[in-house]
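Heads up: the sequence shown runs through residues 19 to 173, numbered per our numbering.
Here the structure comes first, spelled out in structure tokens, and everything after it is commentary.
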Amino acid sequence: MIDLSTLIKEDIMPKKELTKYLSGIYRITKGSINQKISGLNIRATQSDILIFINDHPGLTQKKIAMANCVDPSLLARDLALLENNGWIVRQSDDKDRRVRKVALSPTGQKLVIKLKAISQEWWSNFTKLHPEIDLVTFTALTEQIYKTLNKRDEN
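Listed below in structure tokens is the structure:
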């Protein structure tokens with residue numbers, strides 16, 4: 019496997035191009051998925067947050083923001099919208115009443131099932147149309163970059 023940490027540290031990676039492509043992939047996929055979920059009254063970024071909360075219930079807003087590399091104030095706005103729509107609930111922690119943990123409501127759980135199905139269908143269609151692209155390898159490499167960058171940012 020390619021040692022991406024060495025490539026990044028030694029400034030060998032064409033970071034400008036990589037960033038352009040990664041951000042482009044993100045924007046294009048989110049735009050396309052937004053079209054698919056438009057009837058559900060939710061945007062792709064908010065759906066990502068809901069799916070994350072589903073997969074990691076009981077985290078605080080701060081931990082959700084850190085794990086998703088998003089600004090806490092922007093996350094607060096999205097969480098308020100999700101809460102107003104009845105998709106999430108915020109509960110005080112049993113040990114520290116000042117801490118509020120975020121979880122899905124039953125309505126949010128049903129929505130996540132739909133959102134995951136739409137996302138899986140989108141990626142399934144993409145891979146059928148583009149069998150030349152090995153998404154398993156691409157995902158593994160981007161995960162390695164992500165983890166490497168997170169480690170570097172922590173130091």
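The beta-carbon is built from N, C-alpha and C at its ideal position, and this holds for glycine as well.
Checklist entry - Based on the DSSP secondary-structure assignment, which residues constitute the bridge partners of Arg95? => result In the DSSP output, where bridge partners are listed per residue, Arg95 has none listed.
Next on the checklist: Looking at Ala94: is its Cβ nearer than 8 Å to the Cβ of Gln79?
Outcome noted: A contact, by the Cβ cut-off of 8 Å.
Next on the checklist: Is it buried or exposed, Asn173, if we count other Cβ atoms within 10 angstroms and call 16 or more buried?
Outcome noted: Confidence is the limiting factor: at Asn173 the pLDDT is only 48, short of 50, which leaves the residue's position unreliable and the question unanswerable from this model.
Checklist entry - Looking at C-beta atoms only, is the number of pairs between the segment 41 to 58 and the segment 109 to 125 that lie closer than 8 Å three or more? => result No, the segment 41 to 58 does not touch the segment 109 to 125.
Checklist entry - From this set, Lys38, Gly49 and Asn103, which residue's C-alpha is nearest Leu68's C-alpha? => result When only C-alpha atoms are compared, the closest one is Asn103.
Item to check | C-beta contact flag for Ser65 and Trp140 at 8 Å | outcome: No; because the gap between Cβ atoms is not below 8 Å, this pair is not in contact.
Next on the checklist: According to DSSP, is Ile151 part of a helix, a strand, or is it coil?
Outcome noted: Note: Ile151 maps to coil in three-state DSSP.
Next on the checklist: Report the start-end ranges of each beta strand (DSSP E) in the segment 74 to 128 that is 3 residues or longer and not cut off at the edges.
Outcome noted: DSSP runs (the beta strand (DSSP E)) wholly in the segment 74 to 128: 106 to 110 and 118 to 122.
Next on the checklist: For the ligand COA, I want to know if Ser56 counts as a neighbour, meaning its beta carbon is within less than 7 Å of at least one of the ligand's heavy atoms.
Outcome noted: For the structure depicted, the ligand COA is absent and the ligand set is empty, with no information on it obtainable.
Next on the checklist: Between which residues of its own chain and Leu99 is the CB-CB distance below 8 Å, once the five residues before and five after are set aside?
Outcome noted: Cβ within range, chain order: Gln64.
Next on the checklist: According to DSSP, simplified to helix, strand and coil, what is Ile163?
Outcome noted: DSSP, read as helix, strand or coil, puts Ile163 in helix.
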